[in-house]
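Each residue of the sequence shown is one higher than the one before, starting from 0 at the first, in numbering that gives the first Met the number 0. Think of the CB as a built atom: it goes at the ideal place given N, C-alpha and C, for glycine as much as any other residue. For reference, the structure is listed below as structure tokens.
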Amino acid sequence: MKKIYIAGKVTGLPKDEVVEKFAAMQKKIENLGFEAVNPIEIVKDFNTPWNQAMRLCIAALTLCDAIVLLPDWINSNGAKIEWDISKQLKIPDFRGTDFGLVDLKAHLSKK
Numbered sequence: 000m001k002k003i004y005i006a007g008k009v010t011g012l013p014k015d016e017v018v019e020k021f022a023a024m025q026k027k028i029e030n031l032g033f034e035a036v037n038p039i040e041i042v043k044d045f046n047t048p049w050n051q052a053m054r055l056c057i058a059a060l061t062l063c064d065a066i067v068l069l070p071d072w073i074n075s076n077g078a079k080i081e082w083d084i085s086k087q088l089k090i091p092d093f094r095g096t097d098f099g100l101v102d103l104k105a106h107l108s109k110k
């Protein structure tokens, strides 16, 4: 099954808001028939130091077939790092919009 990493802003936002938006995208990805890799499930403790959380998330990202960028990703240093790494590793990126998810499904269904 194809793995899709979810990237978006976490730091500085209320925990409930973060959990909800990542879970909503996870559900959308799973409904397309892919495995969602949710960083909130990778780093369960919101008190984990940022650099340790990023190491765990980057390791997970490297095993994924694509990355979906939530609308607020551009306001997150961590998500921008994840996006940059995905570009360097030639992991395709898609926007976390309905149109972006249609593109994701079409792209990964070809492979």
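Which word fits residue i, buried or exposed, when buried means at least 16 other C-beta atoms lie within 10 angstroms of its C-beta?
{"i": "Asn46", "result": "exposed"}
{"i": "Phe93", "result": "buried"}
{"i": "Ile90", "result": "buried"}
{"i": "Phe98", "result": "exposed"}
{"i": "Lys20", "result": "buried"}
State yes or no: is the C-beta of residue i within less than 8 Å of the C-beta of residue j?
{"i": "Met24", "j": "Val67", "result": "yes"}
{"i": "Ile3", "j": "Ala65", "result": "yes"}
{"i": "Pro38", "j": "Cys56", "result": "yes"}
{"i": "Lys86", "j": "Leu31", "result": "no"}
For residue i and residue j, I'd like the C-alpha separation in whole angstroms.
{"i": "Val17", "j": "Lys109", "result": "32 Å"}
{"i": "Ala35", "j": "Leu69", "result": "13 Å"}
{"i": "Ile28", "j": "Gly11", "result": "25 Å"}
{"i": "Ile41", "j": "Ile80", "result": "17 Å"}
{"i": "Arg54", "j": "Leu60", "result": "10 Å"}
{"i": "Pro48", "j": "Ala58", "result": "16 Å"}
Between residue i and residue j, which are expected to be in contact by the criterion C-beta below 8 Å, what is the C-beta distance as a whole number of angstroms?
{"i": "Ala78", "j": "Lys8", "result": "6 Å"}
Note down, in chain order, each residue of its chain lying with its Cβ closer than 6 Å to the Cβ of residue i, except the 5 sequence neighbours on either side.
{"i": "Leu107", "result": "Lys1"}
Looking only at its chain, what residues have a beta carbon closer than 8 Å to the beta carbon of residue i, apart from the 5 residues adjacent to it on each side?
{"i": "Val101", "result": "none"}
{"i": "Asn50", "result": "none"}
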